[in-house]
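The sequence shown maps to residues 28 to 166 in the working numbering.
The structure under discussion appears below in the form of structure tokens.
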Amino acid sequence: MFPASTKILIVDDMGSIRTLVKNNLMDMGLSDIIEASDGEKAMAVLTQCLKSREPVQLIISDWNMPTMDGMELFKQVRAMPALGPVPFVMLTSESELEQVTTAILAGISNFIVKPFTKKILEEKLNAVWVKQQKHLQKS
Ligand SMILES: [Mg+2]
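This is how it looks when you write it as structure tokens:
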């Protein structure tokens, strides 16, 4: 599992979802958490964190958001060399599931269908962590 010091960015236009994810993460012992309400604000936060040399190490983002959605955020994140390999987990609703295949093909680390339980979130994050470790060992 991600170490307690992992810097995590939660992106969702619904404050209640951000709070839910944050509370679940804190229950798992993860407490270095920042939030943004859309992709554009997330990019500003990511840039600021890079400047202060405290880069975000895990992004958990909603898909459907105003101004800049999760897929566009993902593309912009992957286009930033300094952020390149940061794990990116997408939150989707059931109705968006068809798009998920496209997202996985595009290199999204994992996806979580809303509504979700803490157990599911923990399992998904653990899977992302394991995948990242394997990837790091290879490179
Ligand atoms: Mg949304």
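All C-beta atoms, glycine included, are put in the ideal place defined by N, C-alpha and C.
Only a predicted model underlies this, so the values are computations on that prediction, with no experimental measurement involved.
Does the stretch 136-150 come close enough to the stretch 111-119 that 3 or more CB-CB pairs lie under 8 Å? yes
Let me check you understand the geometry: is the CB of Met92 closer than 7 Å to at least one non-hydrogen atom of ligand 1? Walking along the sequence shown from the start, residue 92 turns up at place 65. Yes, the beta carbon of Met92 sits closer than 7 Å to at least one heavy atom of ligand 1.
Give the DSSP bridge partners of Ser120, in chain order. Here residue 120 is taken as the residue at index 93 of the sequence shown, counted from 1. Lys141.
Assuming Ile86 and Val157 make a contact with CB atoms under 8 Å, what is their CB distance in whole Å? Within the sequence shown, residue 86 is the residue found at index 59, counting from 1. Within the sequence shown, residue 157 is the residue found at index 130, counting from 1. Actually they are not in contact, since the Cβ atoms of Ile86 and Val157 sit about 18 Å apart, beyond 8 Å.
Does the contact criterion of 3 or more C-beta pairs under 8 Å hold for the stretch 58-74 versus the stretch 96-105? yes
Is the distance from the Cβ of Gln103 to the Cβ of Met53 below 8 Å? Position 76 of the sequence shown, counted from the start, is the residue given in the question as residue 103. Position 26 of the sequence shown, counted from the start, is the residue given in the question as residue 53. The answer is no: Cβ separation not under 8 Å.
Assuming Lys34 and Gln84 make a contact with CB atoms under 8 Å, what is their CB distance in whole Å? Counting from one through the sequence shown, the residue named residue 34 turns up at place 7. Counting from one through the sequence shown, the residue named residue 84 turns up at place 57. That pair is a contact at about 5 Å.
Between the CA atoms of Pro108 and Phe115 - distance to the nearest angstrom: Working through the sequence shown from its first residue, we reach residue 115 at position 88. Working through the sequence shown from its first residue, we reach residue 108 at position 81. Roughly 15 Å separates the two Cα atoms.
Is Asp54 helix, strand or coil by DSSP? Start at 1 with the first residue of the sequence shown, and residue 54 comes out as number 27. Note: Asp54 maps to helix in three-state DSSP.
Report the option in Lys146, Ala133, Ser58, Pro112 whose CA atom is closest to the CA atom of Leu163. As a first step, residue 163 is located in the sequence shown; it is residue number 136 there, counting from the start. Here the closest residue by C-alpha is Pro112.
Does Met28 pass the burial test, meaning 16 or more other C-beta atoms within 10 Å, or should it be called exposed? Residue numbering aside, residue 28 sits at position 1 when the sequence shown is read from its first letter. Label assigned to Met28: exposed.
In three-state terms, what does DSSP make of Ser43? What you label residue 43 is simply residue 16 of the sequence shown in a count that begins at 1. In the structure shown, Ser43 sits in a helix (DSSP, three-state: H, G or I).
If you follow the beta strand (DSSP E) that Leu63 is part of, which residue opens it and which one closes it? As a first step, residue 63 is located in the sequence shown; it is residue number 36 there, counting from the start. It is worth fixing the name first, because residue 63 is Ala in this sequence and not Leu. Here the beta strand (DSSP E) through Ala63 covers 60-63.
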